[in-house]
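Residue numbers (our numbering), protein chains in the order written: chain A, 1 to 195; chain B, 1 to 195; chain C, 1 to 195; chain D, 1 to 195. We put the beta carbon where it would ideally sit given N, CA and C, even for glycine.
Number of protein chains: 4
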Amino acid sequence: MTSSKKKEKYDLILDAALKVFAEHGFHRSQVAKIAREAGVADGTIYLYFKRKEDILICLFREQLGRLLQLAHDAIQDITDVKQALRTICEIHYTHLENNVDLAFVTQIELRQSSLELRKEIGIAFKPYIELVENVLHKGIEQNVFRPDLNVKLVRLLILGAIDEVVTSWLISGQKYSLAAQVDGTVNFFLQGIDQ
Amino acid sequence: MTSSKKKEKYDLILDAALKVFAEHGFHRSQVAKIAREAGVADGTIYLYFKRKEDILICLFREQLGRLLQLAHDAIQDITDVKQALRTICEIHYTHLENNVDLAFVTQIELRQSSLELRKEIGIAFKPYIELVENVLHKGIEQNVFRPDLNVKLVRLLILGAIDEVVTSWLISGQKYSLAAQVDGTVNFFLQGIDQ
Amino acid sequence: MTSSKKKEKYDLILDAALKVFAEHGFHRSQVAKIAREAGVADGTIYLYFKRKEDILICLFREQLGRLLQLAHDAIQDITDVKQALRTICEIHYTHLENNVDLAFVTQIELRQSSLELRKEIGIAFKPYIELVENVLHKGIEQNVFRPDLNVKLVRLLILGAIDEVVTSWLISGQKYSLAAQVDGTVNFFLQGIDQ
Amino acid sequence: MTSSKKKEKYDLILDAALKVFAEHGFHRSQVAKIAREAGVADGTIYLYFKRKEDILICLFREQLGRLLQLAHDAIQDITDVKQALRTICEIHYTHLENNVDLAFVTQIELRQSSLELRKEIGIAFKPYIELVENVLHKGIEQNVFRPDLNVKLVRLLILGAIDEVVTSWLISGQKYSLAAQVDGTVNFFLQGIDQ
DNA sequence: AATGAATGAGGGTTCATTCAT
DNA sequence: TATGAATGAACCCTCATTCAT
Numbered sequence: 001m002t003s004s005k006k007k008e009k010y011d012l013i014l015d016a017a018l019k020v021f022a023e024h025g026f027h028r029s030q031v032a033k034i035a036r037e038a039g040v041a042d043g044t045i046y047l048y049f050k051r052k053e054d055i056l057i058c059l060f061r062e063q064l065g066r067l068l069q070l071a072h073d074a075i076q077d078i079t080d081v082k083q084a085l086r087t088i089c090e091i092h093y094t095h096l097e098n099n100v101d102l103a104f105v106t107q108i109e110l111r112q113s114s115l116e117l118r119k120e121i122g123i124a125f126k127p128y129i130e131l132v133e134n135v136l137h138k139g140i141e142q143n144v145f146r147p148d149l150n151v152k153l154v155r156l157l158i159l160g161a162i163d164e165v166v167t168s169w170l171i172s173g174q175k176y177s178l179a180a181q182v183d184g185t186v187n188f189f190l191q192g193i194d195q
Numbered sequence: 001m002t003s004s005k006k007k008e009k010y011d012l013i014l015d016a017a018l019k020v021f022a023e024h025g026f027h028r029s030q031v032a033k034i035a036r037e038a039g040v041a042d043g044t045i046y047l048y049f050k051r052k053e054d055i056l057i058c059l060f061r062e063q064l065g066r067l068l069q070l071a072h073d074a075i076q077d078i079t080d081v082k083q084a085l086r087t088i089c090e091i092h093y094t095h096l097e098n099n100v101d102l103a104f105v106t107q108i109e110l111r112q113s114s115l116e117l118r119k120e121i122g123i124a125f126k127p128y129i130e131l132v133e134n135v136l137h138k139g140i141e142q143n144v145f146r147p148d149l150n151v152k153l154v155r156l157l158i159l160g161a162i163d164e165v166v167t168s169w170l171i172s173g174q175k176y177s178l179a180a181q182v183d184g185t186v187n188f189f190l191q192g193i194d195q
Numbered sequence: 001m002t003s004s005k006k007k008e009k010y011d012l013i014l015d016a017a018l019k020v021f022a023e024h025g026f027h028r029s030q031v032a033k034i035a036r037e038a039g040v041a042d043g044t045i046y047l048y049f050k051r052k053e054d055i056l057i058c059l060f061r062e063q064l065g066r067l068l069q070l071a072h073d074a075i076q077d078i079t080d081v082k083q084a085l086r087t088i089c090e091i092h093y094t095h096l097e098n099n100v101d102l103a104f105v106t107q108i109e110l111r112q113s114s115l116e117l118r119k120e121i122g123i124a125f126k127p128y129i130e131l132v133e134n135v136l137h138k139g140i141e142q143n144v145f146r147p148d149l150n151v152k153l154v155r156l157l158i159l160g161a162i163d164e165v166v167t168s169w170l171i172s173g174q175k176y177s178l179a180a181q182v183d184g185t186v187n188f189f190l191q192g193i194d195q
Numbered sequence: 001m002t003s004s005k006k007k008e009k010y011d012l013i014l015d016a017a018l019k020v021f022a023e024h025g026f027h028r029s030q031v032a033k034i035a036r037e038a039g040v041a042d043g044t045i046y047l048y049f050k051r052k053e054d055i056l057i058c059l060f061r062e063q064l065g066r067l068l069q070l071a072h073d074a075i076q077d078i079t080d081v082k083q084a085l086r087t088i089c090e091i092h093y094t095h096l097e098n099n100v101d102l103a104f105v106t107q108i109e110l111r112q113s114s115l116e117l118r119k120e121i122g123i124a125f126k127p128y129i130e131l132v133e134n135v136l137h138k139g140i141e142q143n144v145f146r147p148d149l150n151v152k153l154v155r156l157l158i159l160g161a162i163d164e165v166v167t168s169w170l171i172s173g174q175k176y177s178l179a180a181q182v183d184g185t186v187n188f189f190l191q192g193i194d195q
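Next comes the structure, spelled out in structure tokens:
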């Protein structure tokens with residue numbers, strides 16, 4: 001009972017933080033504002049999080065975990081690596097398009113943080129990196145992807161490219177469909193721009 | 001004479017800012033520290049820049065201008081669009097590898113800014129975008145690149161991919177050569193990962 | 001039974017407080033820390049003490065009571081007032097030397113309190129004051145001490161002098177024997193510094 | 001000019017701090033309150049003092065310096081060591097009686113500080129200690145004071161005794177004359193209480 | 001143009017105390 | 001009696017910006 005309540009309040013705060021961060025940005029979001037939004041006292045925040053930055057980190061971990069789970073489950077039964085890559089991209093775009101608040105936090109606010117925090121984020125991001133690298137490795141083994149690929153570099157290129165598309169879509173004011181970019185994106189990944 | 005002095009001091013401040021931002025990050029760089037580094041009084045900064053963020057914007061414009069000029073000059077006489085793309089990527093990587101301070105400011109510090117600032121930065125970034133898009137358009141016209149390319153999307157994908165490679169190299173502690181990634185990067189852009 | 005348990009817990013808390021106050025100082029000693037040391041819940045503290053300062057006051061009362069009892073018992077059968085004074089001083093120094101935690105609390109932490117608290121402390125200190133004044137009065141009656149003594153003033157001088165010796169010994173890091181100062185102290189009280 | 005203004009503001013703040021500390025105590029005195037009393041902005045305080053505690057230390061140094069100067073000047077031409085001791089005591093009592101705010105700060109507020117701060121205070125107090133010890137040494141040399149005196153111990157006893165008299169006078173509400181205690185105090189120091 | 005002293009708004013965090021259970 | 005989760009008031013200090021000189 002107590003633990004369920006604790007869980008509830010923990011989530012209450014994270015939900016409130018997501019909303020407040022998305023609206024005002026990390027630096028402009030006072031802890032007091034998050035507390036008010038969550039319906040708890042300022043001090044209560046500090047029963048669940050060590051400091052303000054921790055809220056951001058936990059929020060990211062939690063949310064990235066869901067995205068990862070979605071992607072993981074979706075490619076579980078897919079043997080076609082090209083299709084797997086497409087699915088990852090599709091889920092990535094779709095999930096962020098359906099969760100604009102989350103998109104703002106990951107694409108904009110999360111970058112406004114100290115180098116130390118970015119390293120923390122990097123660690124949390126590891127499983128997602130591995131998901132992509134696994135697909136690449138499998139593709140090379142299956143002779144579907146070119147054997148001379150530098151997997152780490154290609155992974156950077158793919159995730160950097162995806163990231164920029166999402167950020168650009170956000171900054172533009174979400175005036176077009178993000179999910180509609182999947183085909184163009186994946187074709188680029190697979191065939192490049194050369195004739 | 002006066003204007004030349006003004007020019008001098010303006011540059012003095014920007015040079016100081018680049019150094020200080022790179023060392024301490026934007027938020028940890030007090031205006032007073034930049035002033036001391038530049039050898040001027042705190043108040044003098046405000047004769048040349050409206051506010052602290054302006055220093056960052058101007059610094060970015062100035063430096064991006066140089067990179068743009070380098071790239072522009074280098075592809076001037078190149079008719080082979082593939083080679084042009086390679087040259088842009090090569091200059092981008094090489095220039096940032098040779099100017100780590102600049103790299104830190106553009107890849108890390110510049111992101112730690114408000115949405116408004118990022119829009120400003122976007123505007124300054126326009127000419128670089130056009131440079132890349134021009135190459136893409138030319139390549140399509142020449143039937144070297146695929147005719148169905150969504151140029152804006154591909155440009156995002158290319159610049160996002162490059163950006164991530166640079167950031168990752170920085171965060172890793174510049175433990176390997178950035179310029180050595182040109183081949184892998186451009187091959188990916190041209191042929192993708194498909195066999 | 002209940003009252004005995006209460007007594008037990010009351011003492012448990014005071015013992016914990018003495019330890020925690022001595023180690024961290026009054027202001028740096030959170031109520032939570034005392035509670036943990038005592039093995040009770042935070043809220044339980046408030047069943048026995050009105051507020052944090054009360055713990056300090058009660059602790060002082062309790063401990064001073066013991067010192068007073070020791071001194072009182074020791075001079076009970078002493079008719080020589082000079083010897084009585086020496087005994088009081090000896091017990092004071094010895095007791096604090098043997099209870100450094102207590103010394104820290106009385107000499108350092110107790111002073112870090114509001115004027116109001118110091119008045120409370122003054123009241124608790126009354127019996128000790130009377131003990132000393134009684135010896136002085138008796139000495140005057142017996143024509144052992146000078147008849148023109150201002151008893152209240154002399155009592156202040158004596159206790160102030162003793163207090164400073166103890167504090168200085170503490171701050172010095174207890175590098176010498178406090179009890180060894182009894183002779184020098186009492187000689188000063190009795191004969192002054194004049195040849 | 002500038003330095004004279006700086007001096008002025010420095011003193012303005014110290015004067016304000018003395019008043020505010022005396023009235024509300026150190027811990028209850030917000031920096032903002034001192035600033036308002038001094039007629040400067042909050043931030044200005046920090047142009048002259050590193051932190052709140054520094055104000056207290058500087059205040060003490062400044063004021064103790066004056067008291068020391070007074071005592072030093074007064075005993076300059078006195079060859080009679082007994083008279084010198086009397087003069088020191090007289091000036092101490094008189095000065096604090098004439099500067100009740102100062103008395104509150106030195107006797108009450110200054111004690112409510114961390115052990116570290118008390119060490120700082122101890123250093124500032126050194127010259128005063130030496131003043132007293134010099135008189136004691138001289139008295140022993142002149143065969144006026146007993147040759148077997150433990151000078152350091154006696155100095156502690158004397159200053160401790162004086163200190164307690166002042167504090168007691170303060171806590172009592174200054175209902176009697178402090179200066180009137182000089183005779184009783186000095187007689188005690190010289191002859192003790194023995195017949 | 002240049003100075004640099006002065007300004008003052010702004011917020012994360014602690015912790016004594018309460019109260020529902 | 002006992003718990004301990006929740007409360008929320010309280011405050012020092014930084015630093016971007018201004019302005020009198």
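Can you find a CB in chain A that lies within less than 8 Å of the CB of R86(B)?
Not one chain A Cβ lies under 8 Å of R86(B).
Could you name the residues of the region 163 to 192 of chain D whose beta carbon sits closer than 7 Å to any beta carbon of chain C, in the order they occur along the chain?
Listed in sequence order: D163, E164, V165, S168, I171, Q181, G184, T185, F188, F189, L190, Q191 and G192.
Go to E53(A), then tell me how far its alpha helix (DSSP H) extends in each direction, as first and last residue.
From DSSP, the alpha helix (DSSP H) with E53(A) extends over K52 to I75.
For the alpha helix (DSSP H) containing L110(D), list its first residue and its last residue.
Run containing L110(D): none; DSSP gives neither H nor E here.
Smallest Cα separation from V132(A): which of H95(A), E120(A) and T87(A)?
Considering only alpha carbons, the answer is T87(A).
Going by DSSP, what residue range makes up the alpha helix (DSSP H) through R155(D)?
Where R155(D) is concerned, the enclosing alpha helix (DSSP H) stretches over V151 to I171.
Do L102(D) and Q69(D) come within 8 Å of each other at the CB atom, strictly closer than that value?
Cβ distance not < 8 Å, so Q69(D) and L102(D) don't count as in contact.
Is there a C-beta anywhere in chain D that falls below 8 Å from the one on R146(C)?
So yes, R146(C) belongs to the interface.
Can you pull the chain A residues whose beta carbon is under 7 Å from the beta carbon of S114(B), in chain order?
What S114(B) touches in chain A: G25.
Could you please give the first and the last residue of the uninterrupted alpha helix (DSSP H) stretch that includes K175(C)?
Where K175(C) is concerned, there is no enclosing alpha helix (DSSP H), given that its DSSP letter is neither H nor E.
Using 8 Å for Cβ pairs, my map puts V154(A) next to F189(B). What's the rounded Cβ distance?
Wrong, their Cβ atoms sit about 11 Å apart, outside the cutoff.
Among residues of its own chain, excluding the 5 on either side of L67(C), which ones have a beta-carbon nearer than 6 Å to its beta-carbon?
H95, listed in sequence order.
So N143(A) contacts chain B; which residues on that side make the cut at Cβ distance below 8 Å?
Within chain B, the residues near N143(A) are Q195.
Going by beta-carbon coordinates alone, are N143(A) and Q195(B) separated by less than 8 Å?
Yes.
Would you say G25(A) and S114(B) are within 8 Å of each other, going by their C-beta atoms?
A contact, by the Cβ cut-off of 8 Å.
Is E23(B) near G160(A), with beta carbons less than 8 Å apart?
No, they are not a contact pair.
Given a cut-off of 8 Å, decide if I123(B) and L110(B) are closer than it, judged by their beta-carbon atoms.
No, Cβ-Cβ distance for L110(B) and I123(B) is not below 8 Å.
Might you give, ordered along the chain, the residues of its own chain that have their beta carbon closer than 6 Å to the beta carbon of E97(D), omitting 5 neighbours on each side?
Only L178 and A179 meet the Cβ criterion.
Suppose only complete runs of 4+ residues qualify. What are the alpha helix (DSSP H) ranges in the region 10 to 42 of chain B, listed by chain order?
As far as the region 10 to 42 of chain B is concerned, its whole alpha helix (DSSP H) runs of at least 4 residues are 31 to 38.
Mind checking L157(A): buried by the 16 CB within 10 Å criterion, or exposed?
It counts as buried.
Within 8 Å (strictly less), CB to CB, does N134(D) reach chain C?
No - not a single Cβ of chain C is within 8 Å of the one on N134(D).
Would you give the residue range spanned by the alpha helix (DSSP H) that N99(B) belongs to?
Segment: none, N99(B) is in no alpha helix (DSSP H) and carries neither H nor E.
What is the DSSP secondary structure of D183(C), reduced to helix, strand or coil?
Of the three classes helix, strand and coil, the one that applies to D183(C) here is helix, per DSSP.
How long is the line joining the alpha carbons of F60(C) and G43(B), rounded to whole angstroms?
Looking at the two C-alpha atoms, the distance is approximately 57 Å.
For A161(D), go through chain C and note every residue whose CB falls closer than 7 Å to its CB, in chain order.
Those within 7 Å of A161(D) in chain C are L157, G160 and A161.
Cα-Cα, which of A38(A), H27(A) and F21(A) is closest to E8(A)?
Closest option to E8(A), Cα to Cα, is A38(A).
Tell me, please, which residues DSSP counts as bridged to D194(D).
Partner(s): F145(C).
Label Y176(B) either buried or exposed according to how many other C-beta atoms from any shown protein chain fall within 10 Å of its C-beta, with 16 as the threshold for buried.
Y176(B) is exposed by the Cβ-count criterion.
Is L136(A) near I57(A), with beta carbons less than 8 Å apart?
Not a contact, by the Cβ cut-off of 8 Å.
Once you ignore the five residues that flank V186(D) on each side, which residues in its own chain have a CB closer than 7 Å to its CB?
Result list for V186(D): L85, R86 and C89, in chain order.
So with CB distances below 8 Å, who are the chain A contacts of V154(B)?
By Cβ distance, chain A contributes G184, F188 and I193.
At the 8 Å Cβ level, is L102(B) part of the contact set with chain A, yes or no?
Chain A, which has no Cβ nearer than 8 Å to the Cβ of L102(B), makes this no.
Can you check which of these residues, F104(B), Q112(B), P127(B) and K126(B), is closest to T167(B) by C-alpha distance?
Out of F104(B), Q112(B), P127(B) and K126(B), F104(B) has the C-alpha closest to the C-alpha of T167(B).
How many Å lie between I204(D) and H27(C) at the Cα?
Residue 204(D) falls outside the range modelled here, since chain D spans only 1 to 195, and no answer is possible.
Could you work out which residue in G139(B), R146(B), I129(B) and I108(B) is closest to K152(B) when comparing CA atoms only?
Of G139(B), R146(B), I129(B) and I108(B), the residue nearest in Cα terms is I129(B).
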